[in-house]
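Just so we're aligned, residue 86 is where the sequence shown starts under my numbering, counting upward by one.
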Amino acid sequence: MDHSTLSNNQTQNNGGGLFVAASGTASLTNCIVSGNSTQSTSGGYGGGGVYSRGTTSLANSTVSGNTAAKRGGGVYVSYGTTTLTNVTVSGNSANYGGGLEFYQGTVTLTNVTISGNSATASGGGVWNQNSVNSTFKNTIVAGNTKTSGASDLEGRPVSGTYNLIGTGGSGGLVNGVGNNQVGVANALLAPLANYGGPTQTMALLPGSLAIDTGTSTGAPGTDQRGSGRVGLTDIGAFESQGFTLATVAGSTPQSTIVTTPFTNPLVVTVTANNPAEPVNGGVINFNVPLIGASATLSSSSSSINTSQASVIATANGLAGSYDVTAATRGAASFNFSLTNIAQVVLSGLGNVVTYTQGGSPVAVAPTIVVTGNLGQNIASATIVFSNVQLGDRFSFDNQFALQHTYVEDIPNQTATLTLTGVDTPANYQTTLRSILVWNVASIILATF
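The following block contains the structure:
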């Protein structure tokens, strides 16, 4: 069968959607097996979607929403040889083997995604029992449940390499051995839906450990949808086409005084290279320098919501410039450029300066002391004058070529002088000590 649908069928004993006899052969390609059921709770009856005693092959197909009162909600293999390649098994349920149950024979799974299935007893994802010979490659078994909790791969040991297994049983596979990932708390799979191709799949979200961690050896050249491989082969029936990270205005570059928060959060936008693929629910990791000038983040990772992920950054106690890196599997990283500005300590402020109309200029703060944090340079300084009157004049010796702005607010009797430019505390101190004030209109009293 090719491009066919076996749906909403029911039988009392075996094979709600399809029954393959001991002498039979069945091949399903680009097919949907969904909503089928078996009713008997006796013995070895089951196979809500498919029951196989012969030779059965499923490729580029989806087995979903099937139920068996006893065994193998999606597929039950009694005997014979069964092969699944580029298949998604999701939303199936049974007493044993909510997704798949293998009794005897030979079973080979390559680039299969098994997630979201459930069992009341054992084997929410897969129940591998008796003397069956099961081999898994590039296969995801994660996010399945049974009544008492997580239940992914239970029963007799299976053999295999380059698989991703959840927290509900390992089937004898060991984390790190044979490039298997075992004990993955969240495979970061999108819900079963149409992400392109003739059948529904479960897309890999940004950050999924299945991205680029499979093997091309013995794997099909395309995924279940017919999409080509991008970079290294992904685990499961879905091949992510990758993502692009960018940012929003105001996130980079930024600067702040040491030990203070940056004005704007660090926001990264995430776009799927294939518009049909989702990004929400994926994870972005944010990495800071471990030594020198750096920042403390509100979190080291952030879930993607409305195509964005963000964290709040607070400068540490060291001045300097550095990058915070946003990264996720399936995308090139993105850098936020941040600068921690040295803390400036001023003494000698609050001087009361008296001067007369037409008199000589008077130094505002001849004894001011400027100290930078840990000897670091300073980026700016702001001086506020009060009791400012019409006719007041200010000047300073700008020998270090600092940029400056001067704004008077006569109605409120204030003036603000802002100096900018990275320079030493000593040079800022010299410049501030050179500030002079005089008045050409009246006798006044100004405070610095």
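The C-beta atom is built at its ideal place from N, Cα and C for all residues, glycine as well. The structure displayed is predicted, hence computed values, not measured ones.
Residue i vs residue j beta-carbon contact at 7 Å
i      : j      : result
Ile225 : Ala270 : no
Asp477 : Asn524 : yes
Gly405 : Ala378 : yes
Gly210 : Gly292 : no
Ala144 : Thr114 : yes
Val507 : Asn462 : yes
Ser543 : Thr167 : Residue 543 lies beyond the range of the chain shown here (86 to 533); nothing can be said about it.
Val105 : Val148 : no
Thr501 : Val449 : no
Ala227 : Ser203 : no
Ile389 : Val333 : no
Pro363 : Ala412 : no
Thr26  : Thr286 : Here the chain comprises residues numbered 86 to 533, so residue 26 is not present and cannot be evaluated.
Phe481 : Gly415 : no
Asn260 : Gly253 : no
Leu169 : Val135 : no
Leu249 : Ile320 : yes
Contacting residues, own chain, Cβ-Cβ under 7 Å from residue i (five flanking each side not counted)
i      : result
Ser385 : Asn370 and Phe371
Asn171 : Ala144, Asn145, Asn196, Pro305, Asp308, Gln309 and Ala322
Ser383 : Val396 and Ile397
Thr467 : Thr501 and Thr503
Gly257 : Pro242 and Val243
Thr191 : Thr166 and Asn218
Candidates the options: closest to residue i by CA position
i      : options                           : result
Leu91  : Thr110, Ser146 and Ser127         : Ser146
Leu277 : Leu194, Gly256 and Asn177         : Asn177
Asn365 : Ile426, Leu273 and Ser445         : Leu273
Phe323 : Asn229, Thr246 and Thr198         : Thr198
Gly182 : Thr152, Thr195, Thr424 and Asn171 : Thr152
Asn358 : Asn98, Gln326, Ile250 and Asn401  : Gln326
Leu403 : Gly150, Ala111 and Thr424         : Thr424
Lys222 : Thr300, Thr499, Ser108 and Ser89  : Thr300
Phe187 : Gly240, Asn180 and Val353         : Gly240
Asp87  : Ser142, Ser340, Asn98 and Gly257  : Ser142
Ala464 : Ser233, Gln339 and Thr126         : Gln339
Ser519 : Val492, Val353, Phe479 and Thr467 : Phe479
Lys231 : Trp212, Pro242 and Leu249         : Trp212
Leu290 : Thr391, Ala275 and Ala154         : Ala275
Contacts around residue i, its chain only, beta-carbon distance under 6 Å, and the 5 residues preceding and following it disregarded
i      : result
Thr337 : Phe421 and Ser422
Gln189 : Tyr164, Asn215, Ser216 and Val217
Ser244 : Thr220
Ser112 : Ser142
Asn98  : Ser125 and Tyr130
Pro350 : Ser395 and Ile397
Gly150 : Ser119, Gly120 and Gly176
Ala235 : Thr252 and Gly253
Ser89  : Cys116
Asn93  : Gly120
Thr205 : Asn180 and Thr232
Ala107 : Arg138 and Gly139
Presumed contact (8 Å Cβ cut-off) between residue i and residue j, rounded CB distance
i      : j      : result
Gln229 : Thr246 : Sequence check: residue 229 is Asn here, not Gln. In fact, because the Cβ distance is near 21 Å, the residues do not count as touching under 8 Å.
Leu504 : Val447 : So it is not a contact: roughly 20 Å between Cβ atoms.
Gly109 : Gly139 : 4 Å
Leu375 : Val353 : Contact flag wrong, Cβ pair sits at about 21 Å.
Thr298 : Gln266 : 7 Å
Beta-carbon proximity list for residue i, same chain, < 8 Å, skipping 5 on both sides
i      : result
Gln95  : Gly101, Asn121, Ser122, Thr123 and Gln124
Ser445 : Trp523
Asp408 : Pro374, Asn420, Phe421, Ser422 and Leu423
Val262 : none
Ser312 : Gly281, Gly282, Glu324, Gln326 and Asn359
Gln393 : Val333, Val352, Val353, Thr354 and Val355
Lys155 : Thr123, Ser125, Thr126, Ser127, Gly128, Gly129, Tyr130, Gly131, Ala179, Asn180 and Tyr181
Thr391 : Asn365
- Three or more C-beta pairs closer than 8 Å, one from the stretch 298 to 312 and one from the stretch 334 to 346: is that the case here? Because the criterion of three Cβ pairs below 8 Å is not met, the stretch 298 to 312 and the stretch 334 to 346 do not touch.
- Stretch-stretch touch, CB-based, cutoff 8 Å, three pairs: the stretch 411 to 426 with the stretch 485 to 493: Flag = no, the stretch 411 to 426 and the stretch 485 to 493 do not touch.
- Give a yes or no on contact between the stretch 121 to 134 and the stretch 152 to 170, applying the rule of three or more CB pairs nearer than 8 Å. Because the criterion of three Cβ pairs below 8 Å is met, the stretch 121 to 134 and the stretch 152 to 170 touch.
- Inter-stretch contact (C-beta, 8 Å, three-pair minimum) for the stretch 314 to 323 and the stretch 386 to 405: Contact between the stretch 314 to 323 and the stretch 386 to 405 is absent, because fewer than three Cβ pairs lie under 8 Å.
- Message: Is it the case that the stretch 445 to 459 contacts the stretch 510 to 525, given that we only count it when at least three CB pairs across the two stretches are under 8 Å?
- Response: As far as the Cβ criterion goes, the stretch 510 to 525 touches the stretch 445 to 459, which means the pair count is three or higher.
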